[in-house]
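Protein chains: 2
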Amino acid sequence: MTRIVDVARRAGVSTATVSRVLNGKSVRPALAAAVHDAVAELGYTPDRTARSLRRRHSETVALVLPDVENPFFTAVARGVEDAALAAGYSVVLCNTDDRADKEDLYLTVADVENMAGVVLAPADAHPAIDRLVERGRSVVVIDRRVAHDVDQVTFDNRALGHRAATALLDRGFRRIACVTGPATTSTAVDRAEGWRAALHDAGLAADDDLLVHANFRVDGGYDAIGTLLGRSPAPDAVVATNNLAGVGVLRALADRHGGPVPAPAGDGPDGPGLGVGVIGDLPFATSRTSDVALVPLNPRGLGTTAARLLLERIAGSDAPARHLVQEIGDGTDAVAPARPA
Amino acid sequence: MTRIVDVARRAGVSTATVSRVLNGKSVRPALAAAVHDAVAELGYTPDRTARSLRRRHSETVALVLPDVENPFFTAVARGVEDAALAAGYSVVLCNTDDRADKEDLYLTVADVENMAGVVLAPADAHPAIDRLVERGRSVVVIDRRVAHDVDQVTFDNRALGHRAATALLDRGFRRIACVTGPATTSTAVDRAEGWRAALHDAGLAADDDLLVHANFRVDGGYDAIGTLLGRSPAPDAVVATNNLAGVGVLRALADRHGGPVPAPAGDGPDGPGLGVGVIGDLPFATSRTSDVALVPLNPRGLGTTAARLLLERIAGSDAPARHLVQEIGDGTDAVAPARPA
DNA sequence: TTGCACGCTGTAATCGATTACTGGCAGGCT
DNA sequence: AGCCTGCCAGTAATCGATTACAGCGTGCAA
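Residue numbers (the working numbering), protein chains in the order written: chain A, 359 to 699; chain B, 359 to 699.
And the structure:
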């Protein structure tokens, strides 16, 4: 292992000078050149651990997610990883299973490991990030809004719900149900609100019968179809407000009578078909998705945006906390400042 | 930040004693108790960075994967994470996109970051792990076999291929094609070999026409169906040797005539249906999977097994390199030693 | 009683990079 | 000439935990 002293000796300078050259402080050109030569000859890379000890923070960021097995979050992870890596940071991945206690654990780990920062998709509306923030660690919250005064990046969830419902309205459906997540998550609530607003805008009632608070997993969507088909009158279409609920809905329909229908007229042989709208992407769909009204998201963009904010904080920005809205149009990753609440 | 000296002062002992208590060396019980009290009162946690500097390796393991967006690998990641976390290690995730250059980069990062070890699903048969091994870092290779003398955990891929083909034979199919991955990966080759053997065992010819070397992604499976339907005589069923190729196959069939058929008799309205067998799981399938002959895997078990081996190495085991075969029966994570090659 | 061995504890060195502080030198000003 | 300023480079302190080494006390044997 070559150390900084080896480089210093070889270049005929002090370790301080080597350090300065490597960190871009001003040094006489001749010495800088000698240092660079020595570094190249010895193949020297600074020891990250020693550097972290001295600098009091590491070059690692934590990405704390409810569920890495959800393709939405894996895409987020890719985005974070891309941006972080380009800046020389590594990403450690942490799964909370949507449980506050595991989340706390990981946030503590991030703290005692002196990680440079945390990107957090919180399990509930009150993540334990205050201590981290007080200690000067950078934190960016994504996907779900929280009341804390930290940087946040979310989608315009109300607009997403509105758009999904409108797409089904445009296809001619009239009695449109909504399968959303727990009422405790802002994402679930906001998307459902958008759905409701779209129905109102179309002059239709958003019957409470038609709103199901399930969970954001496959089984939630699956079971919700059972519930909804028991309503009378039954809906003629359903909006699933996230990808996994959408998978569950589609699988339930496939198990019953062959899948979603593109328009109200298209009754299948096994009963009246349901139209389906899904907020999110279905990268592993095993059926035709052209009959589904998809409102694609841009989770990877969400990840890169969050990482960018985080890196700015790590670099020392002390601007007031920002709340960005991740744009989704056509997979670009443009970002708009949040509407004033 | 409370440091070890604070604890030492409070307990009225030296830092050496505190360290020894915390690391389980023998210390007079009275002092140990005092240290424990002080630790509890101050809420002390040792600084991992400082510890890593001194111990010359960190408490982090790298998990280097071709593609975290593939549900198979995310499940592997969960397994590794569970086991590593239980042992107090963090996991950093690295995406190689199946490219050797990115893989090299990450392996180098793992080295210069003094990571305790690496779990690697290699992009090709010759990962650059020799330098890591020489430097005494622990390495476990998973999923694909390599010629290096390191611990490896794989599935019995030949048996998997055999089983998938046999399942289709049992359903009455006779002209069974195979869509597998690049001929450069042992996994793709072995599974195809199993497919071929099953046909031979049934007294059928494994026509070269029916073996497609695609890639292990969705588009590979999708396009392969186009190729196979152009053969004459066309196959009556197809084995996809990994999950994503399976997704592609199913989606291609859905786009053409409504999906897989459970048996050769079941011609659909839009043409002769194909039977489908898939090695792997389809957690995000949006169609009925009961018509698909699934050979489920146990990627999470693969991950925990690999992590277990890795942790043993990190703890200092210098047993000869092991090659384990991950069992898949019923989702358990039992492990058998490899058959002698 | 003296000597030796053993076991526990404390002091201080160590891991490797960063950086506060000090000192030297050059150039400009009075 | 004498003084001050500013720039640059080197020395050494520093981050916090671990551990080699030394010292001390106890107990046993001669």
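Every residue, glycine too, gets a C-beta built ideally from N, C-alpha and C.
Strand pairing of residue i, partner residues [DSSP]
| i | result |
| --- | --- |
| valine 576/A | According to DSSP, valine 576/A bridges with nothing at all. |
| serine 448/B | Thr418/B |
| alanine 595/A | Ile534/A, Gly633/A |
| isoleucine 500/A | Val511/A |
| glycine 519/B | In the DSSP output, where bridge partners are listed per residue, glycine 519/B has none listed. |
| glycine 475/A | Val419/A, Ser496/A |
| valine 570/B | Val537/B |
| leucine 652/A | Val636/A |
| asparagine 453/B | Leu423/B |
Contacts of residue i in chain A (Cβ-Cβ under 7 angstroms)
| i | result |
| --- | --- |
| serine 410/B | Thr407 |
| serine 416/B | Thr407 |
| aspartate 613/B | Arg646 |
| threonine 403/B | Val470 |
Pair within 8 angstroms by beta-carbon distance, residue i and residue j
| i | j | result |
| --- | --- | --- |
| valine 470/B | arginine 502/A | no |
| proline 429/B | alanine 479/B | no |
| valine 371/A | leucine 400/A | no |
| arginine 368/A | alanine 396/A | yes |
| valine 426/A | threonine 418/B | no |
| alanine 366/B | valine 379/B | no |
| arginine 521/A | valine 653/A | yes |
| alanine 621/B | valine 477/B | no |
| valine 449/B | alanine 458/B | no |
| valine 571/B | threonine 545/B | Residue 571/B is actually histidine in this sequence, not valine. Result no, Cβ atoms of histidine 571/B and threonine 545/B do not sit closer than 8 angstroms. |
| arginine 516/B | aspartate 548/B | yes |
| alanine 505/A | valine 596/A | no |
| leucine 465/A | isoleucine 500/A | no |
| asparagine 601/A | leucine 569/A | no |
Residue burial classification, residue i (beta-carbon count within 10 angstroms, cutoff 16)
| i | result |
| --- | --- |
| serine 590/B | exposed |
| glycine 633/A | buried |
| aspartate 594/A | buried |
| valine 363/B | exposed |
| glycine 624/B | The pLDDT assigned to glycine 624/B is 46, lower than 50, so where the model puts this residue is not dependable; a value taken from the coordinates is nonetheless given after this. Answer is exposed; the Cβ neighbour count stays below 16. |
| threonine 485/B | Before going on, a small fix: residue 485/B reads as proline here, not threonine. So proline 485/B counts as buried. |
| glutamate 492/A | exposed |
| serine 675/A | exposed |
| methionine 359/B | exposed |
| arginine 671/A | buried |
| threonine 599/B | buried |
| alanine 643/B | buried |
| glycine 689/B | Unreliable positioning characterises glycine 689/B in this predicted model, as indicated by a pLDDT of 41, which lies under 50. The coordinate reading is nonetheless provided below. Glycine 689/B should be labelled exposed. |
| alanine 374/A | exposed |
| glycine 617/A | buried |
| aspartate 509/A | buried |
| arginine 412/B | exposed |
| asparagine 656/A | buried |
| asparagine 381/A | exposed |
| threonine 454/A | buried |
| threonine 543/A | buried |
| leucine 682/A | buried |
| alanine 420/B | buried |
| serine 384/A | exposed |
| glycine 604/B | buried |
| leucine 606/A | The amino acid at residue 606/A is misidentified as leucine; the sequence shows glycine. Classification for glycine 606/A: buried. |
8 angstroms Cβ cut-off: residues of chain A touching residue i
| i | result |
| --- | --- |
| leucine 640/B | Phe642, Thr644 |
Per-residue contacts from residue i into chain B (C-beta, under 9 angstroms)
| i | result |
| --- | --- |
| glutamate 399/A | Here the premise fails: no neighbours, minimum Cβ distance about 17 angstroms. |
| alanine 486/A | Simply none; closest approach about 15 angstroms. |
Residues that residue i contacts on chain A, provided the C-beta gap is smaller than 9 angstroms
| i | result |
| --- | --- |
| arginine 489/B | Going along chain A, no residue has its Cβ under 9 angstroms from arginine 489/B, so there is no contact; the nearest lies around 11 angstroms. |
| arginine 361/B | None at all; the shortest Cβ gap to chain A is about 12 angstroms. |
| glutamate 439/B | Val426, Leu451, Cys452, Asn453 |
Within chain B, the residues that residue i reaches when beta carbons sit closer than 7 angstroms
| i | result |
| --- | --- |
| proline 540/A | Per Cβ cutoff of 7 angstroms: no residues; proline 540/A is ~21 angstroms from chain B at best. |
| valine 426/A | Thr432, Ala435, Arg436 |
Contact set between residue i and chain B, taken where Cβ atoms lie within less than 8 angstroms
| i | result |
| --- | --- |
| proline 429/A | Glu427, Pro429, Phe642 |
(request) With 7 angstroms as the C-beta to C-beta threshold (strictly closer), list the residues of the region 445-459 of chain B near chain A in chain order. (result) Listed by position along the chain: Ser448, Val449, Val450, Leu451, Asn453.
(request) Name, going along the chain, the residues of the region 589-615 of chain B whose beta-carbon falls closer than 7 angstroms to a beta-carbon of chain A. (result) Val605, Leu608, Arg609, Ala612, Asp613
(request) Residues of the region 468-479 of chain B with a CB closer than 8 angstroms to any CB of chain A: list them in chain order, please. (result) Val470, Glu471, Asn472
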